[in-house]
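Only one structure is covered here, and it is reproduced in the block below.
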Amino acid sequence: MPDRSVDAHTRWKTPGAGARATLRAPRSADIARLVALAGDPEVARHLERLPHPYEEVHARTWLTDLERARGREVAFALDDGTGLIGVISFRTLDETPEIGYWLGRRYWGQGIMSEAARLALGRLFETTPASAVTARVSGSNPASLAVLTNTGFRVAEPARAGGTTVGLRLDRADHFRLHDHMNGTAADRAAQKATQR
Ligand SMILES: CC(C)(COP(=O)(O)OP(=O)(O)OC[C@H]1O[C@@H](n2cnc3c(N)ncnc32)[C@H](O)[C@@H]1OP(=O)(O)O)[C@@H](O)C(=O)NCCC(=O)NCCS
C-alpha cells in the first residue's frame, strides 16, 4: 500500500555535491536554534506568520501546533549535521498545499534552500496526490522568488495594483517533467540554465 501521507519522520539528504542538509522532523532539541535563527529580524521580515521577537514560547507552541495539525500541515527541519539551520513547511495539505521556508542568515547564498525545497517538493508529490503546490512571496524578496523559479514554480497571480505579493504555482506534472534535471547538482543546474538562454 503506497504511503499517501507526507510526513517529516524520514531523513532525506539533499542530493547536491556536499549533501549539505538533511530534512527531518523538527523536535524540542531544536528550540534554541529556532529562537536564535528565526529571531533574526532579517529572516523574520519576509515571514508574515512568524512572531517577532521570536521567543522560546513561540518555538514550543509551533512544535505543539504542528503535532495537532498532522495531516493538514507538515514541517521539515533542515539539518546540516550540527543542528537545525532552517525550516520548510507545507500548509493546507488537505487543499492545495502552500510552501513556506526560511534559512538562518549565515547559511544564505549557497544554494541550500533551492536544493532542500526541491527535495521537499519531491517528497510531497511522491507521497500525496497533491496536483499542485502554491507559494506567496513578496516581489521585494528576490532570493525567495529565485528559490521558487529554481524549483519550477511559475507566477500564477501577479501582484495586484498597490501590492507586492505574487502568487506562484508548481503543477505536479511540471515537477515530474523537471525532476530529472532538478535532481542534479548546482553545476548541472547552471549548465541547464546556460542551455536555456
Ligand atoms: C529565501 C531564502 C530561504 C533563500 O535561501 P538560500 O539558500 O540563500 O537560497 P539559494 O542560495 O538556494 O538561492 C538563492 C537565489 O537567490 C538569489 N539571490 C539571493 N539574494 C538575492 C538578491 N538580493 N537579489 C537577487 N537575487 C538574489 C541567488 O543568486 C540565488 O539565485 P540562483 O540560484 O539563480 O543563483 C533565505 O534568503 C531566507 O531565509 N530569507 C528569509 C526568509 C524568507 O524570505 N522566506 C521566504 C518567504 S516567501
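In our numbering, the protein residues as written are 889 to 1085. Using N, Cα and C, we set each Cβ at its ideal position, and we do this for glycine too.
Supposed close pair residue i, residue j - CB separation, criterion 8 Å
i       : j       : result
Ala1031 : Phe964  : The pair is not a contact, with the Cβ atoms about 19 Å apart (cut-off 8 Å).
Ala1018 : Leu1012 : 6 Å
Val923  : Ala947  : 6 Å
Val1035 : Met1001 : 5 Å
Rounded straight-line distance, which links the Cα of residue j to that of residue i
i       : j       : result
Thr1053 : Ile987  : 15 Å
Thr1039 : Arg1006 : 6 Å
Tyr942  : Ala1047 : 28 Å
Tyr995  : Phe978  : 21 Å
Ile919  : Arg1057 : 31 Å
Arg960  : Asp1059 : 19 Å
Of the residues the options, the one placed nearest residue i, counting alpha carbons only
i       : options                            : result
Val1025 : Ala947, Gly1051, Gly927, Leu1066   : Gly1051
Pro985  : Gly959, Gly974, Thr1022, Glu1014   : Thr1022
Val962  : Thr1016, Gly1027, Leu1056, Asp1062 : Thr1016
Arg921  : Val945, Leu954, Leu972             : Leu972
Leu991  : Asp968, Ala917, Asp953             : Asp968
Asp1062 : Gly1027, Asp982, Phe1041           : Phe1041
Thr952  : Arg915, Ser1028, Arg908            : Arg915
Arg912  : Thr1037, Leu966, Ala1049           : Leu966
Residue span of the alpha helix (DSSP H) that contains residue i, given as start and end
i       : result
Gly1010 : 1000 to 1015
Ala926  : 919 to 926
Leu954  : 944 to 956
Ala932  : 929 to 932
Simplified DSSP assignment, three categories, for residue i
i       : result
Trp996  : coil
Glu1045 : strand
Ser1032 : helix
Arg892  : No answer about Arg892 holds up, because its pLDDT of 41 lies below 50 and its placement is not dependable.
Ser916  : helix
Arg1060 : helix
Leu1066 : helix
Residue range of the beta strand (DSSP E) that includes residue i
i       : result
Thr1022 : 1020 to 1026
Glu936  : It is not in any beta strand (DSSP E) - Glu936 carries neither H nor E in the DSSP assignment.
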